[in-house]
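Just so we're aligned: the sequence shown equals residues 11 to 193 in this note's numbering.
Just so it is clear, CB atoms sit at the ideal spot from N, CA and C, and this is done for glycine as well.
For reference, the structure discussed in these notes is given below.
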Amino acid sequence: MEGCTGKLLVATPGLLDDSFRRSVVLVLEHTDEGALGVVLDRPLDLDATSVLPQWQAHLSAPGRLFQGGPVARDTALALADVAGADAPLGVRPLDDRLGVVDLDAPPALVVDAVRGLRVFIGYAGWAAGQLDAEIETGGWFVVDHEPGDVFTSDPRGLWRRVLRRQPGDLALLSTAPDDVSLN
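Right under this line is the structure:
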C-alpha cells in the first residue's frame, strides 16, 4: 500500500465502528510500523479552558476541543495552518500548509505566525499493516486534503463535503442516508 501520510481517510458508509462512523481522518504518519492520524469532524462540547487555558483564545472556530480518536484520550495534539510562512518556533511542519504544535511552547511563539489552530484530544492509531488491511477491505476511501478541511468552521458536515468534491461514484455517496437500510 502506498503511504497515506498527508491524506484524508474518509469512512465508507459500511464502516460502523462508532469511533469512525462517517468520519474524516487526516493521516499524520503512515509507515511500515503503523499509522497515526486525527479525526477532523468530531468537535467536543468542551473548550480548552480547563485543559489548555493558554491556547483557548487562539483556537479556530468553533473554538472547541476535538475528539482526535480513540487512542490516548488523556493526551492533546494540535495542528496549525502555517500557509504562506515558514513554520514558526514551536511548530513541526507536516507539509507546506500544516504543522504539529508543541503545546508546551508559549502561545506567543506560535499564534502570530499561523492562520488556524485546532487541538485534538486523543488520536487514531493503527498497528503495522492494520490501516492497509482496512483500506483493502473497503473501510476507507483515501483522498487528498484541501486547505480548509482541517480548520473548517463546520466540521460536522466535512464527511459529505469531502465526498461531494470527489469524482464519479464517490460524489454520489455524499447523499447516502445515515441509515442505509432506509434507502
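- Message: Are the CB atoms of Gly47 and Leu54 within a distance shorter than 7 Å?
- Response: Locating residue 54 in the sequence shown gives position 44, counting from the first residue. Locating residue 47 in the sequence shown gives position 37, counting from the first residue. No, the Cβ-Cβ distance between Leu54 and Gly47 is not below 7 Å.
- At what residue ranges does the segment 127 to 176 contain a whole run of the beta strand (DSSP E), taking only runs of 3 or more? 150 to 154
- Arg171 versus Asp27, Ser33, Ser29, residue with shortest Cα-Cα distance: Locating residue 171 in the sequence shown gives position 161, counting from the first residue. Arg171 has its Cα closest to that of Ser33, out of Asp27, Ser33, Ser29.
- Message: Considering just the uninterrupted stretch of the alpha helix (DSSP H) at Leu182, what are its terminal residues?
- Response: Against the sequence shown, residue 182 aligns to sequence position 172. Counting along the chain, the alpha helix (DSSP H) containing Leu182 begins and ends at 179 to 183.
- Task: Quick one: give me the first and last residue of the alpha helix (DSSP H) that Val61 is part of.
- Result: Against the sequence shown, residue 61 aligns to sequence position 51. That residue, Val61, is in no alpha helix (DSSP H); it is neither H nor E in DSSP.
- Distance between Gly100 and Arg175 (C-alpha atoms, nearest Å): Here residue 175 refers to the residue found at position 165 of the sequence shown. Here residue 100 refers to the residue found at position 90 of the sequence shown. Cα-Cα distance, rounded: 33 Å.
- DSSP on Pro117, reduced to helix/strand/coil? By one-based count along the sequence shown, residue 117 stands at place 107. Helix, per DSSP.
- At 3 residues or longer, and completely inside the segment 17 to 81: list those beta strand (DSSP E) runs for me, N to C. 17 to 21, 34 to 41, 44 to 49
- Shortest alpha-carbon distance to Pro72 belongs to which of Gly79, Ala143, Thr162, Ala45? For this step, residue 72 is matched to residue 62 along the sequence shown. Among Gly79, Ala143, Thr162, Ala45, the Cα nearest to that of Pro72 is on Thr162.
- Compute the distance between the beta-carbons of Leu89 and Val160, then report whether it is under 7 Å. Numbered from its first residue, the sequence shown carries residue 89 at position 79. Numbered from its first residue, the sequence shown carries residue 160 at position 150. Yes, the pair counts as a contact, with Cβ atoms nearer than the cut-off.
- Query: For Asp91, which residues does DSSP report across the bridge?
  - Reply: Here residue 91 refers to the residue found at position 81 when the sequence shown is read from its first residue. Paired residues: Leu108, Gly126.
- Residue-level contact to chain D via CB, Thr15, 7 Å cutoff: Protein chain content of the structure displayed is limited to a single chain, and chain D is not contained in it.
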